Amino acid sequence: MNGPATRLIQSGTRRSPLRWRLDEGGWAALPAALRQEPELEFLGLWGEAERVHAAFRHAGGGPPLLATADATGGRYAALSPARPAASRFERMVADLWGLRAEGAVDSRPWLDHGVWPLHAPLGKSPSPPVGELPQPAFLPAEGEGVHQIPVGPVHAGVIEPGHFRFHVQGETIVRLETRLGYAHKGVLGLMRGKSPRLAARLAARLSGDSTVAHAWAFAAAAEAATGVTPPPRATLLRGVMAELERIANHLNDIGFLCNDAAFAWPHARCGLLRERVLRAADAAFGHRLMMDRVVPGGVSIDIAPSGPEAILAALAAVVAGLPALRRAIEGHASLQDRLAGTGTLRPGLAAGFAAGGYVGRASGRDFDARRDMPYAPYDRLGFTVPLRQAGDVEARLQIRLDELAESLAMVAALLARLEAGETLLPIPARAGEGVGVVEGFRGEVLCWMALDEAGLIRAIFPRDPSWLHWPLLEAAVEGDIVADFPLCNKSFNASYSGVDL
Amino acid sequence: MPWPRPLLADLARTVFRRPLTDPPPESTPEIVAALVERLDAMARGRLGRSLAIRHVDAGSCNGCELEVNALSGVAYDLERFGLRFVASPRHADVLLVTGPAARNMNEALLRTHAAMPDPKWVVAVGDCAVDGGVFQGSPAVEEGGVGQVVPVDLLIPGCPPSPTLLLEGLLALLEAEVSAPPPVLPPRPVEPSLEDWAQPQPRDPAQDPAWKQDPT
Ligand code: SF4
Chain Z
1 MNGPATRLIQ
11 SGTRRSPLRW
21 RLDEGGWAAL
31 PAALRQEPEL
41 EFLGLWGEAE
51 RVHAAFRHAG
61 GGPPLLATAD
71 ATGGRYAALS
81 PARPAASRFE
91 RMVADLWGLR
101 AEGAVDSRPW
111 LDHGVWPLHA
121 PLGKSPSPPV
131 GELPQPAFLP
141 AEGEGVHQIP
151 VGPVHAGVIE
161 PGHFRFHVQG
171 ETIVRLETRL
181 GYAHKGVLGL
191 MRGKSPRLAA
201 RLAARLSGDS
211 TVAHAWAFAA
221 AAEAATGVTP
231 PPRATLLRGV
241 MAELERIANH
251 LNDIGFLCND
261 AAFAWPHARC
271 GLLRERVLRA
281 ADAAFGHRLM
291 MDRVVPGGVS
301 IDIAPSGPEA
311 ILAALAAVVA
321 GLPALRRAIE
331 GHASLQDRLA
341 GTGTLRPGLA
351 AGFAAGGYVG
361 RASGRDFDAR
371 RDMPYAPYDR
381 LGFTVPLRQA
391 GDVEARLQIR
401 LDELAESLAM
411 VAALLARLEA
421 GETLLPIPAR
431 AGEGVGVVEG
441 FRGEVLCWMA
451 LDEAGLIRAI
461 FPRDPSWLHW
471 PLLEAAVEGD
481 IVADFPLCNK
491 SFNASYSGVD
501 L
Chain Y
1 MPWPRPLLAD
11 LARTVFRRPL
21 TDPPPESTPE
31 IVAALVERLD
41 AMARGRLGRS
51 LAIRHVDAGS
61 CNGCELEVNA
71 LSGVAYDLER
81 FGLRFVASPR
91 HADVLLVTGP
101 AARNMNEALL
111 RTHAAMPDPK
121 WVVAVGDCAV
131 DGGVFQGSPA
141 VEEGGVGQVV
151 PVDLLIPGCP
161 PSPTLLLEGL
171 LALLEAEVSA
181 PPPVLPPRPV
191 EPSLEDWAQP
201 QPRDPAQDPA
211 WKQDPT
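Here's what the structure looks like:
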């Protein structure tokens, strides 16, 4: 069932178990082949000195498929004409590596706002910026009475920085464009040349709310590159932490969503339940967000003897609180009025952008890396992946409630399986390449890593699921009113830091 | 819409239960002492025991925001201390900055600080804001943390600092403000009284641009 694009990629030279290198002509033919094989999902695109890498995956199943091309003369053929999701990646690759996508649908800068000391800091020849500070240009919208509302990068609440440019007609959003990059910290440059153990601290800080998921995907990539299998106790503990992270974040989102609809009770309730979960995480693993606990080779700290008990007590409180939450959310017409039918994401778009997590699953995209790209400990755990079709704010909220129930059961099952044993193995210093995919609370986190002869990171790209969610948010709010934007935005809850790198 | 029965039961339970809010943390005398020294003598005491806080994320990983947000929840209940987050810098006394001062946020950070009325304080929250944290050495962030962009009055380290630590820091800031000696105010410029304003001022039409523009 391999389509033309898969065959084209696999006709290249195989560089690693999952990656093929295409010559210039092969890569140039890729966009046309991708158009003929719509079921080959685009997952991401990134650079390396004078090369570009792209990741794909069959909608039907299987591991990711990576393609590489030389960017001769700093240019390569754009994939965005065939996969619109590639556009933001192409702009990022131009800003960080100075490699231009020829024929791209959009070639405006993305992460580089013109204030870095060097343009293309990761490229072969970084250069100081020249000329005036560039003014951001936004896509136009025309029509009678259309005007713009600029919002951000500093917002009214305590949230991450980003700019939203609305074109509105009356109260209706005609076009939304996001401008991100404000949280760019140069993480990829800092990771380069470090050992996986050292760089793990940076991976854990790509997106603080997904610290476990990012650290795990990073660790999985490092382990794949060096041929290390983490000990069973460590994978079970990773599972416990990942599910605790999901529970805490889903509770947070559910509360804030209700709060954005001016319904304070669920917000207060969820906040308290979440606080209990975080304190249990602190008691069990010594850190409320469980940062730096998942490291290449296993976990850096074993669960405290009293940990399981603390966790189970906190989760029992969540279990007890869920029915009341559901009743409150489903039983209030005024809340339902705000949630249902708002910010609808069409299933076709969700599938076309390979939207992960609750964004995809609320719009009928039946994918969960824990089930569909199985990895330990989930490969031996029974659970259901909730799915909804409506694609609106309400559906994304309900998916979270459904997933919460699943995760609560999973933690108990994982804790019950804990057996004494090792928790951390050494990572040999050797060359290699690996990919790690881990289902975070937002969706699947993908990390690709290449190590040099000394076992140091030669190139890396951690792809947060938000890369694919941000453009979909822009599509979902079209035709909604400006006042509903906070609800829509919170229902996606895409990461800023995770994509600003 | 009437409240459904189970919700009423929840409500009743909530009313009669003991509070969920934690007891407030004690603030450390050393922190208070250090603060008193550093705070601008003129501004102290003016605001009473209340601070309005504006947050700016200068490129954080979002971990610090999670803990800052937790402060507003029922467990920590920031507002009982007279501390609250406000939506505009124009209403704020304190600028709470997270993140390593990402260069892409410099302008927004400076502008937010400039938009705040005096007296104002800046609190740098998290290892990143204190000195760059794990992002030290990246050309994309300001070398040396948030203090390189705006003047910092209080540092709260941690990655991220726990809500308890944040609360201690902010309480210390409040107490420093209260225990400060009464401010010595400089003489204020004499403003015209209302009566003065009511008096028509003799104007020379030749000197007044507004008159010139009107040919009638
Ligand atoms: S101090 Fe730590 S938690 Fe806070 S923003 Fe920096 S990396 Fe994230």
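Chains Z and Y, in that order, give the protein sequences. Numbered per the UniProt record's numbering, the first sequence finishes at 501, counting up by one with no gaps. Numbered per the UniProt record's numbering, the second sequence finishes at 216, counting up by one with no gaps. Cβ atoms here follow ideal geometry from the backbone N, Cα and C, with glycine treated the same way. Keep in mind that this is a model prediction, so the values were computed, not measured.
Contact fails between the stretch 467-474 of chain Z and the stretch 375-389 of chain Z, because fewer than three Cβ pairs, one in each stretch, are under 8 Å apart. Here the residues close to the ligand SF4, judged by CB distance below 5 Å to any of its heavy atoms, are R205(Z), G208(Z), S60(Y), C61(Y), G63(Y), C64(Y), G126(Y), D127(Y), C128(Y), G133(Y), C159(Y) and P160(Y) in chain order. With 16 or more other CB atoms across the displayed protein chains lying within 10 angstroms of its CB, R91(Z) is buried. Excluding five sequence positions before and after P377(Z), the CB atoms of its chain that fall closer than 7 Å to its own CB belong to T235, L236, G239 and L414, given in chain order. Partner residues in a beta bridge of C61(Y), as assigned by DSSP, do not exist.
The stretch 185-196 of chain Z makes no contact with the stretch 256-276 of chain Z: fewer than 3 CB pairs, one atom from each, lie closer than 8 Å.
Note that the C-beta distance between L401(Z) and R326(Z) is below 8 Å.
With respect to the 8 Å criterion, G44(Z) and F89(Z) are classified as neighbours on the basis of their beta carbons. Take the alpha-carbon of R108(Z) and the one of L139(Z): they are about 10 Å apart. Sequence-ordered contacts of the stretch 77-98 of chain Y with chain Z read F85 and A87 [C-beta pairs closer than 7 Å]. At a beta-carbon threshold of 9 Å, none of the residues of chain Y lie near I399(Z); the nearest stands roughly 21 Å away.
Taking S72(Y) as the centre and dropping the five residues before and after it, the same chain places the C-beta of L78 and F85 closer than 7 Å to its C-beta, in chain order. A199(Z) and A324(Z) have their alpha carbons spaced roughly 43 Å apart.
When rounded, the separation of the alpha-carbon atoms in F164(Z) and S11(Z) is 42 Å. Counting C-beta atoms within 10 angstroms of its own C-beta, D118(Y) has fewer than 16 neighbours from the protein chains shown and is therefore classed as exposed.
Within the stretch 170-191 of chain Z, contact with chain Y at the beta-carbon level (separation under 8 Å) is assigned to G181, Y182, A183, H184, K185, G186, V187, G189 and L190. In the three-state DSSP reduction, D500(Z) falls in the helix class (H, G or I). Straight-line measurement puts the Cα of E171(Z) at about 11 Å from the Cα of E478(Z). Boundaries of the beta strand (DSSP E) harbouring M449(Z): E444 to L451, taken from the DSSP string.
Here DSSP, grouped into helix, strand and coil, assigns F353(Z) to coil.
Classified as exposed, Q36(Z) has fewer than 16 neighbouring CB atoms from the shown chains inside 10 Å of its CB. With its beta carbon less than 8 Å from one in chain Y, T211(Z) belongs to the interface.
Residues A141 and H167 of the same chain have their beta carbon placed closer than 6 Å to that of R175(Z), with the five preceding and five following residues left out of the count.
Taking all protein chains in view, the Cβ of H287(Z) is crowded by 16 or more other Cβ atoms within 10 Å, so the residue is classified as buried. Pairing P161(Z) with Y182(Z) gives a Cβ-Cβ distance under 8 Å. As the crow flies, the alpha-carbon of F461(Z) is around 14 Å from that of F56(Z).
For V134(Y), the three-state secondary structure derived from DSSP is helix. Looking at the DSSP output, V151(Z) bridges to F164(Z).
When the beta-carbon positions are compared, E444(Z) and P465(Z) come within less than 8 Å of each other. For secondary structure counted as the beta strand (DSSP E) over 3 or more consecutive residues, the stretch 395-436 of chain Z holds no complete run.
In this structure W467(Z) is not in contact with V437(Z), their Cβ atoms being roughly 14 Å apart against a cut-off of 8 Å. Against F16(Y), chain Z offers no close residue; the least beta-carbon distance is about 16 Å (beta-carbon pairs closer than 7 Å). Going by C-alpha positions, L167(Y) is about 33 Å away from R179(Z). Note on the stretch 166-206 of chain Z: whole alpha helix (DSSP H) runs with a minimum of 4 residues are 187-191 and 196-203, in chain order.
Residue range R51 to H58 is occupied by the beta strand (DSSP E) that includes V52(Z).
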